[in-house]
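For the sequence shown, the working numbering assigns the number 27 to the initial residue and increments by one for each residue that follows.
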Amino acid sequence: DFSCALFGDDGGLVANAPHIPVHLGAMQETVQYQMQELGENLNDGDVILSNHPQAGGSHLPDLTVITPVFYPGEPRPVFYVASRGHHADIGGITPGSMPPHSTSIQQEGAVFKTFKLVDKGVFKEKEVIAAFNEPGKYPGSSPSRNLSDNLSDLRAQIAANQKGIQLVSELINEYSLKVVKAYMLYIQSNAEIAVKDMLKDIAKETKERTGQTRLYAEDFMDNGSKIGLDVQINETNGTAVFDFSKTGYEVHGNSNAPRAVALSGLIYCLRCMVGHNVPLNQGCLKPVNVITPKGCLLNPSDNAAVVGGNVTTSQRIVDVILKAFNVCAASQGCMNNITFGDKDVGYYETVAGGAGAGPTWDGRGGIHSHMTNTRITDAEIIEKRYPVILKCFYLNPGTGGEGQYRGGEGVVRELLFRRPLTLSVLSERRVYQPYGINGGLPGKKGVNLMFYKDGRIVNVGGKNSVDVQAGDIFHLETPGGGGYGEPKDSNEPQHKKRRVTSEQKQVERGSLYSYKLKQESA
C-alpha cells in the first residue's frame with residue numbers, strides 16, 4: 027500500500043508508478059498545499075510529512091513524505107518527489123488505526139498537517155515520536171502501537187524519494203534542466219488533449235442518442251447517503267463540469283471523503299476512459315471543473331472522521347462516474363478492511379472481491395479493482411507473525427451478477443483467533459448490491475459473520491468492532507461484481523459460456539509454492 031510520484035515546479039503531477047490509484051490523484055493536492063503553506067521556508071535538505079485530509083490527505087494512516095528538489099542557480103525547487111504509504115498503526119481508538127465507528131479525526135490517529143520531518147538535513151526523530159504519541163492524550167485513544175515500524179517506514183519513504191531525485195537529476199545532467207522541464211509540460215499536455223478528445227466523442231454520441239450533452243448518475247452508501255453526479259460536457263472544446271452538488275451531507279461517522287479523494291476517483295476514471303496509453307498526470311484533470319460543495323460527504327469539515335472515506339466512499343465515487351458514462355457494471359465497491367490487534371500488536375488487510383463486467387469482458391473474480399490494487403499477506407506470513415489461523419480463502423461461486431457478460435466472484439475468507447483480540451471491520455455493499463448495467467443483474471452483497479466458539483453465529487454488520495476470544499472465527503464473504511447486458515438464453519452454445527468457478531483451474535501460488543519450486547530446481 028505504497029505509491030511514488032514526480033511533480034513539476036508548480037506541484038502538478040507529472041508521472042507516477044502504477045501503484046494505488048486513490049493515492050495518486052490526491053498527492054498533487056498535498057504537494058501544492060505544502061507549497062502554499064511553506065513558501066519561502068522550503069530549504070534544500072527539507073522533507074515534509076503530511077496526512078491531514080484538508081491538506082490533500084486521503085486518510086490518516088496514509089503518510090505522505092515530500093522532498094523538494096533544488097538545482098544550482100535556481101532559488102525555488104525545480105521539481106518535487108513524494109511517496110505515500112499506509113502505516114499499519116498510527117494510534118487512535120482501535121488497533122490498526124482503521125476504527126469503524128470513529129466520529130472525529132482525533133480518534134483516527136496521529137495528525138500531521140505541515141510537519142518538517144527533515145529540517146535542512148536533520149531527521150527530527152524526537153519531534154516525530156512526540157507526534158505519534160499525541161493520540162494517547164485523547165480519551166479512549168492510544169499512541170502508535172508500532173512506533174519502531176513507523177520510524178523505519180518513514181526512513182524508507184525518504185530513501186525512496188532520494189532514489190527518484192537521483193534518477194531525475196541524471197536526466198537533468200544529461201539533457202539540461204530546460205529540456206526536462208519542457209518534457210514535463212509536454213507529458214501533461216498530451217494527457218490533456220487525450221481527455222478533451224474523449225469528452226468530445228462522448229458528447230457527440232450522447233447528443234445523438236439523447237439530444238443533450240448532460241449525464242447523470244447516483245448511488246447510495248450503505249448508510250443511505252447519496253452520491254449524485256451531474257456531468258455537463260462542452261462538445262466544442264472538450265471541457266466538462268463534474269458537479270457533485272446532489273451528494274448528501276457530511277455524516278456523523280467516517281464515510282466522509284476529502285475532496286482530494288474525489289479528485290483521485292475522477293482522474294482514475296478519465297484515464298481509464300481515454301482508451302489508449304497516456305500517462306496519468308495533472309493534464310487529465312485540466313479540462314474539467316469539479317464541484318464538491320463544502321459540508322457535503324465529499325468535502326467535509328476540518329475535524330470530520332474520514333478513515334472510511336478513502337477505502338469505501340472512494341470506490342462508490344468511481345462506481346457513480348462509470349455509471350454516468352455507461353462504461354461498465356459496478357465492482358465490489360469496497361476494500362473489505364479488516365484490522366485486529368491489542369495494545370502490543372496491530373494488523374491490517376484488505377480483501378478482494380468481484381470486478382464488474384463490461385461490454386466485451388467478464389468481470390474478474392477475487393481481485394481488487396479501481397481505487398486499490400494491493401496484494402494480501404501470504405497465509406504462512408500472517409500465521410507466523412500474528413495469533414491467527416487462516417482456515418479458508420477461496421472464490422465464492424454464484425456471487426457475480428448474471429448478464430451477457432458476468433460479474434466477477436467475491437471470496438470467502440475465515441480467520442481463527444488464537445488469543446483475545448479486538449477485531450474491526452470497515453466495509454460497504456452489505457446493504458446495496460453492486461449494480462448491473464444495460465440489463466445485467468447485480469452482484470451479490472457481502473456479509474461479515476462471527477462464528478463464536480459457543481456455537482452462536484452473529485452478523486457483525488458492515489462497520490463494527492468486536493472483542494474476540496481464542497477459538498472464535500471471523501467469516502467474511504465479499505461482494506461480487508455486477509453483470510453487463512441481458513443474460514443470454516440458456517440454449518447458448520456451451521463453448522461460449524464462461525466456466526463457473528468450480529470448473530476453473532486453480533493455480534498454485536504463494537511463498538511456500540515459490541520455496542517448493544526453488545527446492546525442485548536446485
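From the three backbone atoms N, C-alpha and C, an ideal C-beta is built for every residue, glycine too.
Treat the numbers as computed from the prediction; the structure is a model and nothing was measured.
Which residue marks the beginning of the beta strand (DSSP E) containing N187, and which one marks its end? Reading the sequence shown from its first residue, position 161 is the one you call residue 187. Per DSSP, N187 is not a residue of any beta strand (DSSP E); the alpha helix (DSSP H) it occupies stretches across 173-201.
Going by DSSP, name the residue or residues bridged to Q258. Within the sequence shown, residue 258 is the residue found at index 232, counting from 1. R240, V267.
Suppose contacts are defined by Cβ-Cβ distances below 8 Å. Is P446 in contact with D493 by that definition? Reading the sequence shown from its first residue, position 420 is the one you call residue 446. Reading the sequence shown from its first residue, position 467 is the one you call residue 493. A contact, by the Cβ cut-off of 8 Å.
Who does D245 pair with in a DSSP beta bridge? Translated into the one-based positions of the sequence shown, residue 245 becomes position 219. Beta-bridge pairing links D245 to I253.
When the Cα atoms are used, what is the spatial distance from T265 to L292? Along the sequence shown, read from residue 1 onward, the residue named residue 265 stands at position 239. Along the sequence shown, read from residue 1 onward, the residue named residue 292 stands at position 266. About 14 Å.
Can you check which of these residues, T262, T425, A330, is closest to H278 by C-alpha distance? Numbered from its first residue, the sequence shown carries residue 278 at position 252. The shortest C-alpha separation from H278 is found at A330.
Looking at I415: is its Cβ nearer than 8 Å to the Cβ of L449? Numbered from its first residue, the sequence shown carries residue 415 at position 389. Numbered from its first residue, the sequence shown carries residue 449 at position 423. The beta carbons of I415 and L449 sit no closer together than 8 Å.
Inter-residue CB distance, G301 and M224 (contact presumed, cutoff 8 Å): Here residue 301 corresponds to residue number 275 of the sequence shown, with the count starting at 1. Here residue 224 corresponds to residue number 198 of the sequence shown, with the count starting at 1. Confirmed, about 7 Å.
Going along the chain, which residues of its own chain have a beta-carbon closer than 7 Å to the beta-carbon of E276, five neighbours each way excluded? As a first step, residue 276 must be located in the sequence shown, where it is residue number 250. In chain order, N282, G321, C322, L323, P326, S327, A330 place their CB closer than 7 Å to the CB of E276, counting only its own chain and leaving out the 5 sequence neighbours on each side.
Would you report the Cα separation of F268 and I463, rounded to the nearest angstrom? As a first step, residue 268 is located in the sequence shown; it is residue number 242 there, counting from the start. As a first step, residue 463 is located in the sequence shown; it is residue number 437 there, counting from the start. When rounded, the separation of the alpha-carbon atoms in F268 and I463 is 21 Å.
Go to F366, then tell me how far its beta strand (DSSP E) extends in each direction, as first and last residue. Within the sequence shown, the letter at position 340 stands for residue 366. Unbroken beta strand (DSSP E) run through F366: 363-367.
If you drop the 5 nearest sequence neighbours on each side, which residues of the same chain put their C-beta closer than 7 Å to that of G37? Within the sequence shown, the letter at position 11 stands for residue 37. These residues qualify, in order along the chain: Q54, V57, Q58, M61, Y106.
Give a yes or no on whether the C-beta atoms belonging to N422 and E406 are separated by under 8 Å. Sequence index remark: in the sequence shown, residue 422 carries index 396 (1-based). Sequence index remark: in the sequence shown, residue 406 carries index 380 (1-based). Taking 8 Å as the Cβ cut-off, N422 and E406 do not qualify as a contacting pair.
Would you identify the three-state DSSP class for N352, choosing helix, strand or coil? Residue mapping note: residue 352 aligns to position 326 of the sequence shown, counting from 1. Here N352 sits in coil by DSSP.
N- and C-terminal bounds of the beta strand (DSSP E) containing L143: By 1-based counting over the sequence shown, the position of residue 143 is 117. Run containing L143: 141-145, per the beta strand (DSSP E) assignment.
Among residues of its own chain, excluding the 5 on either side of H85, which ones have a beta-carbon nearer than 6 Å to its beta-carbon? Sequence index remark: in the sequence shown, residue 85 carries index 59 (1-based). If we look at H85 and ignore the five residues flanking it on each side, its Cβ neighbours are V332, V333, N336.
Return yes when the Cβ of A52 is within less than 8 Å of the Cβ of N42, no when it is not. The residue given as residue 42 occupies position 16 in the sequence shown. The residue given as residue 52 occupies position 26 in the sequence shown. No.
How about G382 and A355: do their beta carbons lie closer than 8 Å? As a working note, residue 382 is residue 356 in the sequence shown. As a working note, residue 355 is residue 329 in the sequence shown. The answer is yes: Cβ separation under 8 Å.
Helix or strand or just coil, what does DSSP make of K489? On the sequence shown, position 463 is the one that residue 489 refers to. In the three-state reduction of the DSSP assignment, K489 falls in the strand class, which pools E and B.
Ignore the nearest five residues each way along the sequence and tell me which others in N517's own chain have a CB closer than 6 Å to its CB. Taking the sequence shown and counting its residues from 1, one reaches residue 517 at position 491. With a pLDDT of only 47 at N517, under the threshold of 50, the placement of this residue in the model should not be trusted, and no figure is reported.
Within a Cβ cutoff of 7 Å, which residues of the same chain sit near G511, ignoring the five residues on either side of it in sequence? By 1-based counting over the sequence shown, the position of residue 511 is 485. For G511, same chain residues with a beta-carbon under 7 Å away, outside a window of 5 residues either side, are G429, Q430, Y431, N464, G465, G466 in chain order.
Less than 8 Å between the CB atoms is what I'm expecting for F158 and A136, so what's the real figure, rounded? Here residue 158 refers to the residue found at position 132 of the sequence shown. Here residue 136 refers to the residue found at position 110 of the sequence shown. The Cβ separation is near 5 Å, so the contact holds.
Helix, strand or coil: which one does DSSP assign to E63? By one-based count along the sequence shown, residue 63 stands at place 37. In the structure shown, E63 falls within a helical segment according to DSSP collapsed to helix, strand and coil.
For P94, which of helix, strand or coil comes out of DSSP? Looking up residue 94 in the sequence shown gives position 68. In the three-state DSSP reduction, P94 falls in the strand class (E or B).
Please confirm if V486 has its CB atom under 8 Å from at least one CB of chain B. Judged by its chain identifiers, the structure shown contains no chain B, having just a single protein chain.
Element boundaries [alpha helix (DSSP H), containing C322]: What you label residue 322 is simply residue 296 of the sequence shown in a count that begins at 1. Judged by DSSP secondary structure, C322 falls outside any alpha helix (DSSP H); it is assigned neither H nor E.
Taking contact to mean at least 3 C-beta pairs separated by less than 8 Å, is the segment 371-379 in contact with the segment 294-309? In short, these stretches do not touch, since the Cβ pair count stays below three.
DSSP-derived helix/strand/coil call for G51: For the purposes of this step, residue 51 is taken as residue 25 along the sequence shown, with counting starting at 1. In the structure shown, G51 sits in a helix (DSSP, three-state: H, G or I).
Check for me: the alpha helix (DSSP H) holding C298 runs from which residue to which? Reading the sequence shown from its first residue, position 272 is the one you call residue 298. Segment 285-300, the alpha helix (DSSP H) holding C298.
DSSP bridge partner residues for G118 (one or two, in chain order): Reading the sequence shown from its first residue, position 92 is the one you call residue 118. DSSP lists S168 as partners of G118.
Count the other CB atoms, across all protein chains shown, that sit within 10 Å of the CB of G34; report buried if there are 16 or more and exposed otherwise. For the purposes of this step, residue 34 is taken as the residue at position 8 of the sequence shown. G34 should be labelled buried.
Kindly indicate which three-state DSSP category R439 falls into: helix, strand or coil? Here residue 439 corresponds to residue number 413 of the sequence shown, with the count starting at 1. Residue state for R439 is assigned as strand, using DSSP reduced to three classes.
Measuring straight from C-alpha to C-alpha, what distance separates G65 and A217? Here residue 65 refers to the residue found at position 39 of the sequence shown. Here residue 217 refers to the residue found at position 191 of the sequence shown. When rounded, the distance between both Cα atoms is 28 Å.
Going by other Cβ atoms of all chains shown within 10 Å of its Cβ, with 16 needed for buried, is C310 buried or exposed? Within the sequence shown, numbered from 1, the residue matching residue 310 stands at position 284. Counting the other Cβ atoms within 10 Å of the Cβ of C310 gives 16 or more, which makes it buried.
Could you compute how far the alpha carbon of D388 sits from the alpha carbon of G433? By 1-based counting over the sequence shown, the position of residue 388 is 362. By 1-based counting over the sequence shown, the position of residue 433 is 407. Between D388 and G433, the C-alpha separation is close to 6 Å.
Can you check whether the CB of P87 is closer than 8 Å to the CB of I116? Position 90 of the sequence shown, counted from the start, is the residue given in the question as residue 116. Position 61 of the sequence shown, counted from the start, is the residue given in the question as residue 87. Cβ atoms of I116 and P87: closer than 8 Å.
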